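Okay, so here's the structure we're looking at.
Numbering (the working numbering), first residue to last: 3 to 376.
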């Protein structure tokens, strides 16, 4: 008795006019064979409805087939006779519906409906005509455009998006059965907010001017906390000046028209402590290297420099704060800013200063000797 196989082929009968196609080849040998096609007869419980015969071919195709069972008897060379059985079943497009179930400031929930129209498929065991049933498997996948909103398709029919999108997005539900697919989608207009800002610069000496650039999304009410007990409610505040050395932790809180809230801790800001570095020699010979006696100062509010010759004659003096202090270029080796060059040799300095952190630099450590080379 030849072996009988009975695979099941699924077609999606979306229009109601779908037909099937089967192609048979002789699994036992190659070359020409005779292919005789029959359809299952539910009355006689056998393949008794003749369809056609193809002679002298290596493969045979039967088109325009309705739902049901089909058998092809294949007659070939000696020992190559066999029969093949297959079933064609028609599926219908499943139900797919997609909508928004819940919208909150901090999350959204999607509502999906997926249902197969054909719940169960039936076909016959060709050996004994017994009815065999097969459940119509149903699967579903959520996706989004842009895809970054749902980076990996969700197999939950009612997913919750814990990090809701800042941009508008299209959500799509794809429903698949054994033979058909359907999809539904909806457009979601975002209401969600995000607090964000650029901070430039984040370090420097006092007084440090810092620019805060608002990059928040959907905020209409703003609260800037600069970390130094000062605040602003402007969308883009004026540049903020940090006078005191130290580290500051600014924050930004925002609120939307729909009262959605968000906050962010911005980059910390470091204002360098005051310091003095005093050289002990310089050579004002215009070679571009070490031409001026200049105090390397950080975060100073006030600076006073006096320089004397060994005989006690004052040859240079400077007092400055603010912009004058910042633009100070040091002593160029000229006597009291004249055109007279001071002689090479040892000089005595007295430096007094006040840092933005209120540290005073006026002790004996800031009195000393320097050497002028020419």
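Every residue, glycine too, gets a C-beta built ideally from N, C-alpha and C.
These figures come from a predicted structure and were not determined experimentally.
Bounding residues of the alpha helix (DSSP H) (the contiguous stretch that carries residue 102): Looking at the DSSP string, residue 102 is not in any alpha helix (DSSP H); the run it does join, the beta strand (DSSP E), is 97 to 105.
Residue 139 - containing alpha helix (DSSP H), residue span: Annotation for residue 139: no alpha helix (DSSP H) segment contains it, and DSSP assigns it neither H nor E.
Between which residues of its own chain and residue 163 is the CB-CB distance below 8 Å, once the five residues before and five after are set aside? 109, 110, 111, 112, 151, 152
In three-state DSSP terms, what is residue 175? strand
Based on Cα-Cα distance, which residue from 320, 286, 302, 322 lies nearest to residue 342? Among 320, 286, 302, 322, the Cα nearest to that of residue 342 is on 286.
Rounded distance between the beta-carbons of residue 231 and residue 358, thought under 8 Å: Here residue 358 is actually not in contact with residue 231; their C-beta atoms are around 16 Å apart, not less than 8 Å.
Distance, Cα to Cα, residue 369 vs residue 282? 11 Å
Inspect the beta-carbon positions of residue 250 and residue 270 and report whether they are closer than 8 Å. Cβ atoms of residue 250 and residue 270: closer than 8 Å.
Is it true that the CB of residue 99 sits closer than 8 Å to the CB of residue 114? yes
So, with DSSP's three-state summary, where would you put residue 337? helix
Can you name, in chain order, every residue of its own chain whose Cβ lies under 6 Å from the Cβ of residue 334, other than the five neighbours on each side? 286, 294
Under 8 Å by Cβ, that's how I've got residue 310 and residue 374 pegged, so tell me the actual separation to the nearest angstrom. Actually they are not in contact, since the Cβ atoms of residue 310 and residue 374 sit about 12 Å apart, beyond 8 Å.
CB residue 147 to CB residue 178, shorter than 8 Å? No, they are not a contact pair.
Backbone secondary structure at residue 376 - three-state DSSP: coil
Run of the alpha helix (DSSP H) containing residue 328, from where it starts to where it stops: 324 to 328
For residue 351, count the other beta carbons within 10 Å of its own beta carbon; 16 or more makes it buried, fewer makes it exposed. Which is it? By the neighbour-count criterion, in which 16 or more other beta carbons inside 10 Å mark a residue as buried, residue 351 falls on the buried side.
Spell out a yes or no on whether the stretch 120 to 138 and the stretch 188 to 199 are touching, meaning 3 or more CB-CB pairs, one atom from each, closer than 8 Å. no
On the three-state DSSP scale, how would you describe residue 368? helix
Do you know offhand how far residue 119's Cα is from residue 197's? 47 Å
Tell me which same chain residues have a C-beta within less than 6 Å of the C-beta of residue 176, skipping the five on either side of it? 143, 185
State the Cα-Cα distance for the pair residue 69 and residue 16, rounded to the nearest angstrom. Spanning the two alpha carbons is a distance of roughly 14 Å.
Other residues of its chain near residue 11: CB distance less than 8 Å, five sequence neighbours each side excluded: 22, 24, 88, 89, 90, 91
Start and end of the beta strand (DSSP E) containing residue 200? 199 to 202
Alpha carbon to alpha carbon, how far is residue 316 from residue 308? Give it in angstroms, no decimals. 7 Å
Do you know whose CA, among 72, 258, 61, lies nearest residue 51's CA? 72
Residue 115, DSSP secondary structure in three states: strand
By Cβ distance, which residues of its chain are closer than 6 Å to residue 361, with the 5 residues on each side in sequence left out? Excluding sequence neighbours, residue 361 sits near 276.
Roughly how many angstroms separate the alpha carbons of residue 174 and residue 159, rounded to a whole number? 11 Å
Span of the beta strand (DSSP E) around residue 131: Unbroken run through residue 131: none, as it is neither H nor E.
For residue 268, three-class secondary structure by DSSP: coil
Residue interval of the beta strand (DSSP E) (run including residue 14): 10 to 14
For residue 227, which residues of its own chain have a beta-carbon under 8 Å away from its beta-carbon, when the five flanking residues on both sides are left out? 233, 252, 253, 254, 255
Beta-carbon separation (whole angstroms), residue 36 vs residue 57, contact threshold 8 Å: 5 Å
Please tell me whether residue 273 has its Cβ less than 8 Å away from any Cβ of chain D. In the structure shown, chain D cannot be found, because there is only a single protein chain.
Give the DSSP-derived three-state secondary structure of residue 242 in the structure shown. strand
Closest residue to residue 223 among 45, 237, 229, 213 (Cα-Cα distance): 237
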